[in-house]
Amino acid sequence: MKKGFLVSLFLVFTLIVSACSSNTSTNEGGEKTSEGGGDKTAALDIFSWWTGAGEEDGLKALIALFEEKHPEIPIENAAVAGGAGTNAKAVLASRMQGDDPPATFQVHGGAELNEGWVAAGKMETLNDFYEAEGLLDKFPQDLIDMVSKDGNIYSVPVNIHRGNVLWYNKKVFEENGVEAPTTFDEFFEVADVLKEKGITPLALGDKEPWTASHLYETVLLGVLGAEDYGKLWTGEVAFDDPKVVEAAETFKKMLSYINDDHSSRNWQDATQLVANGEAAMNIMGDWAKGYLVNDLKLKVNEDFGYIATPGTDGQFMVITDTFGLPKGVDNPEGVKQFLSVLASVEGQDAFNPLKGSIPARVDSDVSKYDQYGQDTIEEFKSAELAASLAHGSAAPEGFVTKVNQNINIFVTQQDVDQFTESLTSAASELN
Ligand code: GAL
Numbered sequence: 296m297k298k299g300f301l302v303s304l305f306l307v308f309t310l311i312v313s314a315c316s317s318n319t320s321t322n323e324g325g326e327k328t329s330e331g332g333g334d335k336t337a338a339l340d341i342f343s344w345w346t347g348a349g350e351e352d353g354l355k356a357l358i359a360l361f362e363e364k365h366p367e368i369p370i371e372n373a374a375v376a377g378g379a380g381t382n383a384k385a386v387l388a389s390r391m392q393g394d395d396p397p398a399t400f401q402v403h404g405g406a407e408l409n410e411g412w413v414a415a416g417k418m419e420t421l422n423d424f425y426e427a428e429g430l431l432d433k434f435p436q437d438l439i440d441m442v443s444k445d446g447n448i449y450s451v452p453v454n455i456h457r458g459n460v461l462w463y464n465k466k467v468f469e470e471n472g473v474e475a476p477t478t479f480d481e482f483f484e485v486a487d488v489l490k491e492k493g494i495t496p497l498a499l500g501d502k503e504p505w506t507a508s509h510l511y512e513t514v515l516l517g518v519l520g521a522e523d524y525g526k527l528w529t530g531e532v533a534f535d536d537p538k539v540v541e542a543a544e545t546f547k548k549m550l551s552y553i554n555d556d557h558s559s560r561n562w563q564d565a566t567q568l569v570a571n572g573e574a575a576m577n578i579m580g581d582w583a584k585g586y587l588v589n590d591l592k593l594k595v596n597e598d599f600g601y602i603a604t605p606g607t608d609g610q611f612m613v614i615t616d617t618f619g620l621p622k623g624v625d626n627p628e629g630v631k632q633f634l635s636v637l638a639s640v641e642g643q644d645a646f647n648p649l650k651g652s653i654p655a656r657v658d659s660d661v662s663k664y665d666q667y668g669q670d671t672i673e674e675f676k677s678a679e680l681a682a683s684l685a686h687g688s689a690a691p692e693g694f695v696t697k698v699n700q701n702i703n704i705f706v707t708q709q710d711v712d713q714f715t716e717s718l719t720s721a722a723s724e725l726n
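Under this note's numbering, the sequence shown has 509 at position 214, and the numbering climbs by one with no breaks.
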């Protein structure tokens, strides 16, 4: 047979198969939508970056719960490795652009969702879903606002991570007679004592640059306070404001206390330095607790302690992982079933104790959480909230990428003037 004939045969076959498996319809604007049925038993590919150490346990528990409740709907765990979505976000973008959305995907509430996928017209609204499931009063209004645009709701929060946490090795602190620092002055005093003793004061693993951006945003919050920090994203506070420059100076000073091999480590490797006592402190979101407890088998308040990062007591850097319904998926009803399990008390309490985060729901079972979780649930109720930049809530993806690039340069060159100029110019696109 001729090769050309075989190719045509293959193409015809592919067209028939895709015509049979396509369950999407096209709306008046010519866009693919997920309305109108679909294949109620089609597999759901759940897209996230939760793979490996400290990341995947919560997701696996949630999937197991779903499978128990819906054995008729197969699940594919389509996670792509890399902290903070380093690789997953690019894979997702190409799938979305190619009209091949995952059944549902991890997306941060705030700009990443609203200015990203919602603004691009890629998401279904979930107003009816929230109403039907009785969810409107089950999440804090601040969180509902983070997953809403122009009065419509677009995703369901599975958790709330706190970004501004300083983790410390209890034994190292006790042996060296130092206490957990609450201010930058105290931080530098403690760091000097430890450095003198040959212990790395602060662990960093910025092989993926977002970890340095994460550290930087906690310094911004600590120096500016939640109110002025929030004004950075509306343009009311400029990146060359004296306070922001002060934050850059403070950040630079902190960098003089980190491990030499920071650029070859990821966040887990940096957390490990604190776990084994080579370093004393680490500033990381509370997914680090999932890693310390589930993977390294350490105990909260025995092996490691936690405190708000310097200057941020009573403030809460919010990072909420959410899942929505993309337009054009094969099994929209199945996705809604998954979102329903994810939104339930049972789902949230299966996921969050393992993930290190607190439940997004207000009525979860607090007894399922360890001391860290219980403290953080309480703290969230009264804290001033701030949206994370490093994790995509405060500003659109394009700006976050520029910040990561500039932070990466700053960590090496430590030139405050140049850093300030670059961020000021990048921020001119924000408003
Ligand atoms: C964040 C995400 C967390 C955690 C972390 C490290 O962006 O919200 O759930 O996975 O990245 O990968």
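Ideal Cβ placement from N, Cα and C applies to all residues, glycine included. Fair warning: this is a prediction, and the values are worked out from it, not measured in the lab.
- Inclusion of Ala-373 and Gly-347 in the CB contact set at 8 Å is not warranted, their separation being larger than that value.
- Annotation for Ala-498: the continuous beta strand (DSSP E) segment containing it runs 495 to 498.
- Between Asn-464 and Gly-629, the C-beta gap is not smaller than 8 Å, which leaves the two residues out of contact.
- Its chain contains His-403, Gly-404, Gly-405, Ala-406, Glu-407, Met-441, Val-613, Ile-614, Thr-615 and Ala-682 as the residues whose beta carbon lies nearer than 8 Å to that of Ser-688, once the 5 sequence neighbours on both sides are disregarded; these appear in chain order.
- Here Ala-685 is actually not in contact with Glu-544; their C-beta atoms are around 19 Å apart, not less than 8 Å.
- Per the C-alpha coordinates, the member of Val-539, Pro-504, Glu-503 and Phe-534 positioned closest to Leu-519 is Val-539.
- Relative to the ligand GAL, even the nearest heavy atom lies 7 Å or more away from the CB of Ala-359.
- When the five nearest sequence neighbours on each side are left out, the beta carbons in the same chain lying within less than 8 Å of the beta carbon of Gln-643 are those of Val-453, Asn-454, Leu-637, Pro-654, Ala-655, Arg-656 and Ser-659, in order along the chain.
- Closer than 7 Å to some heavy atom of the ligand GAL: that describes the Cβ of Ala-379.
- If one requires a minimum length of 4 residues, the alpha helix (DSSP H) runs lying completely within the stretch 380 to 454 are 383 to 392, 422 to 427 and 436 to 441, in chain order.
- DSSP lists Met-418 as the bridge partner or partners of Pro-621.
- Leu-421 sits buried, since 16 or more C-beta atoms from the chains shown fall within 10 Å of its C-beta.
- Cβ contact annotation for His-509 (same chain, cutoff 6 Å, sequence separation greater than five): Ala-685, in chain order.
- Burial state of Pro-605 is buried, judged by a 10 Å Cβ sphere holding 16 or more other Cβ atoms.
- For Asp-616, the shortest C-beta to heavy atom distance toward the ligand GAL is below 7 Å.
- Arg-560 and Lys-547 have their C-alpha atoms roughly 19 Å apart.
- For a cut-off of 8 Å, the C-beta gap from Trp-582 to Gly-349 is around 6 Å, short enough to register as a contact.
- In chain order, Val-595 and Asn-596 place their CB closer than 8 Å to the CB of Gln-666, counting only its own chain and leaving out the 5 sequence neighbours on each side.
- Of the residues assessed, Leu-587 falls on the buried side of the cut-off, its CB having 16 or more other CB atoms within 10 angstroms.
- Comparing alpha carbon positions, the residue from Trp-345, Gly-585 and Leu-430 closest to Phe-400 is Trp-345.
- The stretch 392 to 399 makes no contact with the stretch 670 to 678; the number of CB pairs closer than 8 Å stays below 3.
- Assignment of Phe-534 by DSSP, reduced to helix, strand and coil, places it in the coil class.
- Counting only runs of at least 4 residues, the stretch 453 to 509 fully encloses the following alpha helix (DSSP H) elements, listed from N- to C-terminal order: 465 to 470 and 479 to 491.
- Leu-461 and Gly-333 have their alpha carbons spaced roughly 47 Å apart.
- Remark: C-beta atoms of Lys-492 and Asn-471 approach each other more closely than 8 Å.
- Around the beta-carbon of Ala-379, 16 or more other beta-carbon atoms lie within 10 Å, marking it buried.
- A straight-line Cα-Cα distance of about 17 Å links Ala-542 and Pro-476.
- Take the alpha-carbon of Lys-444 and the one of Ile-341: they are about 23 Å apart.
- If you check the CB distance, Leu-718 and Asn-701 come in under 8 Å.
- If you compare the alpha carbons of Asp-535, Lys-466, Tyr-524 and Asp-556 with that of Glu-679, the shortest gap goes to Tyr-524.
- In terms of side-chain proximity, the C-beta atom of Trp-462 is found no nearer than 7 Å to any non-hydrogen atom of the ligand GAL.
- By alpha-carbon distance to Ala-415, the top candidate from Ala-565, Asp-712, Lys-622 and Thr-707 is Lys-622.
- With fewer than 16 neighbouring CB atoms inside 10 Å of its own CB, Ala-359 falls in the exposed class.
- The closest CA to that of Ile-578, considering only Asn-459, Tyr-552 and Glu-716, is found on Asn-459.
- Looking at Gly-668, Ala-383 and Gln-436, the one whose alpha-carbon comes closest to that of Tyr-601 is Gly-668.
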